[in-house]
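Peer 1: Have a look at this one.
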């Protein structure tokens, strides 16, 4: 269950079997690339995604990620024959190895310092819906079909952190309904309930995600990474602890050259040009 080709830096040289990586300046686009089957995941592609986002923590050039799917769909979840069938034949210890490995995908995405923007069209189901959920921002289409369908295959909705993260995005009641029923969440409803930040036309959704990623990558990226870290850490804090943690975090940001650049630009009535330090 480990990647066949572990990531070597820089990310621009990364090659994998089931995902494609394209780097354009400060933005990297990750494409789940099995369009003939609506981009299902395999044991190998789970590991490839983990390796990629673990490596992102050491990447100096890429400042934001976009994740999408090829062929008009995002991801249909675990491959029925390459994952589901073998799981039925495994014993408990092997199954636990697998579920912990899939959880590493979400951990890697949440711990990588760069913002991750998901561009979602078509099918976004099972583990695919989890990958979308684990992203920082989600741009979808009206025709997108999001489904946390674990209960439809006899499993609990508590998969890869869904019970912890999904309620924080759309609320406890909505999350409970989706995880209990596995019903499909259409694109317009997904936007209304806050799962999608906004909608775009199918031919524009990837470009919209890449544009947002480029805007973030051109910003104060040390500060962006701090924002992502604090969004993650403060889930488990009291308000008082969060205020103190943010005081420390903001003081560190005030020591950056980007903060000084912003002041000098403001004083000169110019737009700041951030460099991430």
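In the working numbering, the protein residues as written are 640 to 916.
C-beta atoms are modelled at their ideal positions from N, C-alpha and C, and glycine is treated no differently.
Quick one: give me the first and last residue of the beta strand (DSSP E) that residue 805 is part of.
Peer 2: In the chain shown, the residue the question calls residue 805 occupies position 166. No beta strand (DSSP E) contains residue 805, which is instead part of the alpha helix (DSSP H) from 801-809.
Peer 1: In whole angstroms, what separates the C-alpha of residue 669 from that of residue 655?
Peer 2: One-based indexing of the chain shown puts residue 669 at position 30. One-based indexing of the chain shown puts residue 655 at position 16. Using only the alpha carbons, I get a separation of about 11 Å.
Peer 1: Do three or more CB pairs link the stretch 740-750 to the stretch 836-844 at distances below 8 Å?
Peer 2: The stretch 740-750, when compared against the stretch 836-844, does not touch it at the 8 Å Cβ threshold.
Peer 1: What's the call for residue 731, buried or exposed, on a 16-neighbour Cβ count within 10 Å?
Peer 2: Along the chain shown, read from residue 1 onward, the residue named residue 731 stands at position 92. Looking at its Cβ environment, which holds fewer than 16 other Cβ atoms inside 10 Å, residue 731 is exposed.
Peer 1: Since residue 756 contacts residue 778 with CB under 8 Å, what's their CB separation in whole angstroms?
Peer 2: In the chain shown, the residue the question calls residue 756 occupies position 117. In the chain shown, the residue the question calls residue 778 occupies position 139. Correct: roughly 7 Å between the Cβ atoms.
Peer 1: Distance, Cα to Cα, residue 814 vs residue 899?
Peer 2: Counted from its first residue, the chain shown places residue 814 at position 175. Counted from its first residue, the chain shown places residue 899 at position 260. Answer to the nearest angstrom: the Cα atoms are 42 Å apart.
Peer 1: Report the rounded CA-to-CA distance for residue 866 versus residue 781, giving the unit in angstroms.
Peer 2: Taking the first residue of the chain shown as position 1, residue 866 is located at position 227. Taking the first residue of the chain shown as position 1, residue 781 is located at position 142. One C-alpha to the other measures close to 29 Å.
Peer 1: What residue range is occupied by the uninterrupted alpha helix (DSSP H) comprising residue 866?
Peer 2: By 1-based counting over the chain shown, the position of residue 866 is 227. Taken as a continuous stretch (DSSP letters only), the alpha helix (DSSP H) holding residue 866 covers 860-872.
Peer 1: Going along the chain, which residues of its own chain have a beta-carbon closer than 6 Å to the beta-carbon of residue 806, five neighbours each way excluded?
Peer 2: Counting from 1 along the chain shown, the entry for residue 806 is found at position 167. Within the same chain, residue 806 has close Cβ partners 814.
Peer 1: Quick check on the burial criterion: 16 or more other C-beta atoms within 10 angstroms. Buried or exposed for residue 772?
Peer 2: Numbered from its first residue, the chain shown carries residue 772 at position 133. It counts as buried.
Peer 1: Please check the pair residue 696 and residue 754, which I expect to be a contact at CB under 8 Å, by giving their CB distance rounded to whole angstroms.
Peer 2: Walking along the chain shown from the start, residue 696 turns up at place 57. Walking along the chain shown from the start, residue 754 turns up at place 115. At roughly 13 Å, the Cβ-Cβ gap does not stay under 8 Å, so residue 696 and residue 754 are not in contact.
Peer 1: In the DSSP assignment, find the unbroken alpha helix (DSSP H) run with residue 681 in it and report its ends.
Peer 2: If you number the chain shown from 1, residue 681 lands on position 42. Per DSSP, residue 681 belongs to no alpha helix (DSSP H) and is neither H nor E.
Peer 1: Which same chain residues end up closer than 7 Å to residue 809 when comparing Cβ atoms and leaving out the 5 residues on each side of it in sequence?
Peer 2: As a first step, residue 809 must be located in the chain shown, where it is residue number 170. Once the five neighbours on either side are set aside, the close Cβ partners of residue 809 are 832, 833 and 834.
Peer 1: Measuring alpha carbon to alpha carbon, tell me which of 886, 661, 692 and 824 ends up nearest residue 788.
Peer 2: Your numbering for residue 788 matches position 149 in the chain shown. Ranking the options by Cα distance to residue 788, first place goes to 824.
Peer 1: Measuring alpha carbon to alpha carbon, tell me which of 722, 667 and 858 ends up nearest residue 911.
Peer 2: Reading the chain shown from its first residue, position 272 is the one you call residue 911. Ranking 722, 667 and 858 by Cα distance to residue 911 puts 858 first.
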